[in-house]
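Q: In this note's numbering, the protein residues as written are 12 to 249. Virtual Cβ for every residue (Gly too), placed ideally from N, Cα, C. So that we are looking at the same thing, I have put the structure below in structure tokens.
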């Protein structure tokens, strides 16, 4: 047999060489994807389903390679989230605020949260001011956006089925955002994500700048400026 001519050390060396080749191949494919997306953005919007298809092809292999080379676990998720948001921004900006669905994770709630869980609509925020959710809910109400505080991914999918939005904005940790983008694609919806800056599943937090950039896509510039000021965030005209 051909394999019998190699020693264990030689097999180990060949294995490492193969891994490097695979890594180089994936990097080439990945940067080709970036170039493709940039080109398509200049020519017009990129169909969300096409983007998602490309992401799904690369996500698994890149995650494995990142793990093999001890790359920070969230690195691949961060790259794909930025790529998705960049391409989807224009499509989401065209959607009427009333047709947008905002999904917040229940882990953002305070441990002293007085909100009660509804089996239909998730947690009912009382805007008590003990966490960031109250301010976000108030903003969404003023913009006529539908906001839900959900206890999990299955609940989020049920909300999407019931309310049939035309776009979805989700807040979560990186790996759950990827899953959320996949779920939104099943409904053929443009979706954008905002990652939590404080994780741990208890009293998590987000950066208001990140949220407002996504949430206010397509909103009048004067309204944007006022909202950024209210949240104490620096505003740059888009």
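(1) Looking at the strands, I want to know which residues DSSP matches up with residue 179.
(2) Thinking residue 215 and residue 207 are a contact (beta carbons under 8 Å), I'd like their distance in whole angstroms, please.
(3) Quick check on this structure: which residue in 33, 23, 19 has the alpha carbon closest to the alpha carbon of residue 76?
(4) What is the rounded straight-line gap between the Cα of residue 210 and the Cα of residue 184?
(5) Below 8 Å on the Cβ atoms is my guess for residue 182 versus residue 217; work out the distance and round it to an integer in Å.
(6) Rounded to whole angstroms, what is the Cα-Cα separation between residue 121 and residue 24?
(7) Keeping to the same chain, check which residues put their C-beta closer than 7 Å to that of residue 247; ignore five residues upstream and five downstream.
(8) Quick test of your reading: residue 113 and residue 68, contact by CB under 8 Å. State the CB separation rounded to the nearest angstrom.
(9) Helix, strand or coil, according to DSSP, for residue 157 in the structure here?
(10) Work out the CA separation of residue 101 and residue 166 for me, nearest whole Å.
(11) May I ask you to verify whether the stretch 104 to 112 touches the stretch 227 to 237, counting CB pairs closer than 8 Å and requiring at least 3?
A: If we stick to the structure as given:
(1) Mapped onto the chain shown, residue 179 falls at position 168. Per DSSP, the beta-bridge partners of residue 179 are 112, 202.
(2) As a first step, residue 215 must be located in the chain shown, where it is residue number 204. As a first step, residue 207 must be located in the chain shown, where it is residue number 196. Confirmed, Cβ separation roughly 5 Å.
(3) Residue 76 sits at position 65 when you count from the first residue of the chain shown. If we check each option's Cα against that of residue 76, 33 comes out closest.
(4) On the chain shown, position 199 is the one that residue 210 refers to. On the chain shown, position 173 is the one that residue 184 refers to. Using only the alpha carbons, I get a separation of about 7 Å.
(5) Within the chain shown, numbered from 1, the residue matching residue 182 stands at position 171. Within the chain shown, numbered from 1, the residue matching residue 217 stands at position 206. About 6 Å; that satisfies the 8 Å criterion.
(6) Counting from 1 along the chain shown, the entry for residue 121 is found at position 110. Counting from 1 along the chain shown, the entry for residue 24 is found at position 13. If you take the alpha carbons of residue 121 and residue 24, they lie about 52 Å apart.
(7) Translated into the one-based positions of the chain shown, residue 247 becomes position 236. Same-chain partners within the cutoff: there are none.
(8) Position 102 of the chain shown, counted from the first residue, corresponds to residue 113. Position 57 of the chain shown, counted from the first residue, corresponds to residue 68. Taking a contact as a CB-CB distance under 8 Å, the pair residue 113 and residue 68 does not count as one, their CB atoms being some 29 Å apart.
(9) Counting from 1 along the chain shown, the entry for residue 157 is found at position 146. Strand.
(10) The count along the chain shown starts at 1 and reaches residue 166 at position 155. The count along the chain shown starts at 1 and reaches residue 101 at position 90. Going from the Cα of residue 166 to the Cα of residue 101 covers about 27 Å.
(11) The stretch 104 to 112 is in contact with the stretch 227 to 237.
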